[in-house]
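S.K.: Protein chains in written order, with this note's numbering: chain A, 5 to 663; chain B, 3 to 114.
1. With a cut-off of 8 Å, does the C-beta of residue 110/B fall near any C-beta of chain A?
2. Taking 8 Å as the threshold (beta carbon to beta carbon), is residue 1/B in contact with chain A?
3. Listed from N- to C-terminal order along the chain, which residues in the segment 391 to 415 of chain A have their beta-carbon within a distance smaller than 8 Å of any beta-carbon of chain B?
4. For the beta strand (DSSP E) that contains residue 73/B, what are its first and last residues?
5. For residue 3/A, I'd like the list of residues in its chain whose CB is within less than 6 Å of its CB, leaving aside the five on either flank, ordered along the chain.
6. Just grab the DSSP bridge partners of residue 600/A for me.
7. For residue 51/B, go through chain D and note every residue whose CB falls closer than 7 Å to its CB, in chain order.
8. Are the CB atoms of residue 301/A and residue 326/A within a distance shorter than 8 Å?
9. Determine whether the Cβ of residue 78/B lies closer than 8 Å to any Cβ atom of chain A.
10. What is the residue span of the alpha helix (DSSP H) that residue 131/A lies within?
11. Taking the C-alpha atoms as reference points, what is the distance between residue 130/A and residue 331/A?
12. So what's residue 528/A in DSSP terms, helix, strand or just coil?
13. With 8 Å set as the bound, which would you pick, yes or no: does the beta-carbon of residue 74/B sit closer than that to a beta-carbon of chain A?
14. Nearest CA to the CA of residue 346/A: which residue from 620/A, 640/A, 583/A, 115/A?
15. Name the chain A residues that come within less than 8 Å of residue 89/B, Cβ to Cβ?
16. Exposed or buried, residue 364/A, counting other C-beta atoms within 10 Å across all chains shown (16 or more means buried)?
17. Is the distance from the Cβ of residue 188/A to the Cβ of residue 163/A below 8 Å?
18. Would you kindly check if the distance between the Cβ of residue 349/A and the Cβ of residue 118/A is under 8 Å?
19. Give the range of the alpha helix (DSSP H) segment to which residue 307/A is assigned.
20. Is residue 59/B close to chain A? Criterion is C-beta to C-beta, closer than 8 Å.
21. Could you confirm whether any beta carbon from chain A is found closer than 8 Å to the beta carbon of residue 45/B?
22. Measuring CA to CA, which of 606/A, 359/A, 47/A, 216/A is closest to residue 572/A?
23. Starting from the C-beta of residue 209/A, find all residues in its chain whose C-beta is less than 8 Å away, skip the five residues before and the five after it, and write them out in chain order.
24. Please state the DSSP three-state secondary structure of residue 415/A.
25. Would you call the CB atoms of residue 26/A and residue 55/B closer than 8 Å?
26. Using the rule of at least 16 other Cβ atoms within 10 Å of the residue's Cβ for burial, across every protein chain shown, is residue 260/A buried or exposed?
27. So the beta strand (DSSP E) residue 171/A belongs to, where does it begin and stop?
28. Using a Cβ-Cβ distance under 8 Å, would residue 70/A count as near chain B?
29. So what's residue 241/A in DSSP terms, helix, strand or just coil?
30. So residue 18/A contacts chain B; which residues on that side make the cut at Cβ distance below 9 Å?
31. Would residue 220/A and residue 266/A qualify as a contact pair, given that the criterion is a beta-carbon distance under 8 Å?
32. Is there a C-beta anywhere in chain A that falls below 8 Å from the one on residue 28/B?
33. Using a Cβ-Cβ cutoff of less than 6 Å, which residues in the same chain neighbour residue 140/A once the five nearest sequence positions on both sides are dropped?
34. Against chain B, with Cβ distances strictly below 8 Å, would residue 29/A count as a contact?
35. Have a look at residue 656/A and residue 585/A and give me their C-alpha separation to the nearest angstrom.
36. Which whole-angstrom value is the C-beta distance of residue 159/A and residue 296/A, which I expect to be below 8 Å?
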């Protein structure tokens, strides 16, 4: 054992001193020759023939080579030597090298970027405590059902978090709108997230009277409050309501969406039926209790949700939400993006394959011109393995250079991506290069280098020496490799066609989406979002007067042709829906009040948006607060309820109202 | 390319053994070793530089000999190789193995 150690140690020393040893050996050999010559002169053989001196040379060279082998770690030396040689070759052919490196780098960059995103959204576990136990109960529920589930569930701790809506922040610089989420008091503990400063919500803080607290995100604290250290305990005003700041979250915490900047407790008040049963319907998240699994949670929710529709104080459609189930939170968050990401992965993977094929055929072309050089090496004593290793080293140098550049490019494009992607996709803030991505990029580079390097290396391995040295060409092998090149190019073209067609189809879909006729003309129309606090319209008369005055003043501005007001901009998904009673459609157990989306607009709206009128009339000034209420319906609503009759004159009433 | 010893030179496996034995008789430089071998074997065993020096390096790496610079007969400096204690042990071991091998071959040659 010590013998082996000693041997290795000696080898290391020799390797370190190999240059000196080389000189010493040369000196030794020199002396040997001199002594030999002297002896031969004594013996009378003064002149050494030409052949003998050549043999001497060969012996000397061999002696030096073989001795060097003893000085340890030949392979390392060889590799370094190969690398230096490769770099020299590339310097001499900068055009070839840059094309090869660039095309590979682009391929690797694309894969790195997309894989980073895939890694963050799909692979990397959520940055919370024991993320595999986090689940989402599908479909949306009001606060009343949350409480019911909370009390009855044995397998899960359930919390409630709204997707985020905008609030007015006043009292801190100019008034601004920021988005925040309403959550149940146990939200942070269910999620398994902690705050950096202060505390999370306590039990009971989601009841009226105790809910005047707020937790800010670190980014909000930085942007609006300049990381002021005395933020905790400070009161800020949101939508006219004072709230005390009790905590600041960790950096980059943004749940459920990137735009959510603060969290307030939802006000769970069983006494306020309209809000308790009819307030915003939101997603429920939950954490599996120790010992419970998804299967149990699923069957539990199925039985809990089955009869939920009967509990509402007003009739709900039969079997509403009865198919609610439990899914892992991570896959729910990734949700829609999964398909898109896989398509993108496929696309960039194909690009990389095309780049590899490209470089392989480039190298193959060069291999034929380098035949003489390879043959020379073989004649000088390089074994086939050595030659193959040298050629592979060249490709690996290319691939690694491309890998480094590719990762840098990929990181840059990631930041671009982050800026462009809509903020609704949760987790985008955490997208970045982590160790998995770097390992992936390194593996990719190595694989790439091997795959396109192997082809010309094998080509070189099959050389017929004398033939190659003489003519620099090779008859039978050439045919095989020319065929291989044709296959490579054909394959490249096929894949490129696939990519181009795919891209074309996607662009066409996008174009079709934008070219759809939405039923109104939005050219030259500006929108202004006005959002006073709820309390502002407590006095109806002053509220109406405000808006009228606003519209008059807007009308008076320079280039304004027309002004209108509406409760929401078309196609932004923010319309409220109300249950209604429709004339000629009495309620049944299976079909109680249909929910209709309701828009409220000023009379000028239809004229402004150039929405065509099919029959009847639009609103007019005469339909004021004191006249009998009127309603306009869309053609599809008319078709749905009165397919064969003229709907003009029919009545629709909000459920619960009279008149 | 060719690593086989040309005809008239030594069998590869025994080279170390012979070198160690020569050095057991006293320290020598490379040329001296080659000459001694040739002399004692009456010109049968002739070793060239391409085999001698790599072999000496191998002996050095294995710790069986050590090398020192000294003055040679023509007043140039030369490297003198000396057997170490480990080398002596190795010599004895290889000698025994060689004898064993030779007697086995003899038995085969003299069989009926």
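All C-beta atoms, glycine included, are put in the ideal place defined by N, C-alpha and C. These numbers were taken from a predicted model, which means no experiment stands behind them.
M.R.: Taking the geometry as given:
1. With 8 Å as the cut-off, residue 110/B does not count as an interface residue toward chain A.
2. This structure cannot settle anything about residue 1/B, because the visible part of chain B is limited to 3 through 114.
3. Cβ contacts with chain B come from no residue of the segment 391 to 415 of chain A.
4. Per DSSP, residue 73/B belongs to the beta strand (DSSP E) from 67 to 73.
5. The displayed coordinates of chain A run from 5 to 663. Any statement about residue 3/A would go beyond what the structure contains.
6. DSSP lists 582/A as partners of residue 600/A.
7. Among the protein chains of the structure shown, namely A and B, there is no chain D.
8. No.
9. Answer yes: the Cβ-Cβ gap between residue 78/B and chain A drops below 8 Å somewhere.
10. Neither: residue 131/A is in no alpha helix (DSSP H) and is coded neither H nor E.
11. The alpha-carbon atoms of residue 130/A and residue 331/A are separated by roughly 15 Å.
12. Look at residue 528/A here: in three-state DSSP terms it is coil, with no helix or strand label.
13. Interface annotation, residue 74/B: in contact with chain A, CB-CB separation under 8 Å.
14. Comparing Cα positions, the closest option is 115/A.
15. Under the 8 Å cutoff, chain A gives no residues; its nearest Cβ is about 12 Å from residue 89/B.
16. Buried, because 16 or more other Cβ atoms sit within 10 Å of the Cβ of residue 364/A.
17. Contact: yes.
18. Remark: C-beta atoms of residue 118/A and residue 349/A approach each other more closely than 8 Å.
19. If you look at residue 307/A, you'll find it in the alpha helix (DSSP H) that goes 298 to 310.
20. Chain A places a beta carbon closer than 8 Å to that of residue 59/B, counting this residue as a contact.
21. Cβ-Cβ to chain A under 8 Å: no for residue 45/B.
22. Here the closest residue by C-alpha is 606/A.
23. These residues qualify, in order along the chain: 189, 215, 217, 269.
24. Residue 415/A falls in the helix class under three-state DSSP.
25. Remark: C-beta atoms of residue 26/A and residue 55/B do not approach each other more closely than 8 Å.
26. By the 10 Å Cβ count, residue 260/A comes out buried.
27. Taken as a continuous stretch (DSSP letters only), the beta strand (DSSP E) holding residue 171/A covers 169 to 174.
28. Using a Cβ-Cβ cut-off of 8 Å, residue 70/A counts as an interface residue toward chain B, since at least one Cβ of chain B sits closer than that to its own.
29. In the structure shown, residue 241/A adopts extended strand secondary structure according to DSSP, grouped into three states.
30. What residue 18/A touches in chain B: 59, 62, 63.
31. It is a contact, given that the beta carbons lie within the stated cut-off.
32. Chain A contact via Cβ: absent.
33. In chain order, 289, 331, 333, 336 place their CB closer than 6 Å to the CB of residue 140/A, counting only its own chain and leaving out the 5 sequence neighbours on each side.
34. It does; some Cβ of chain B falls within 8 Å.
35. About 6 Å.
36. Indeed they touch by this definition, with Cβ atoms about 4 Å apart.
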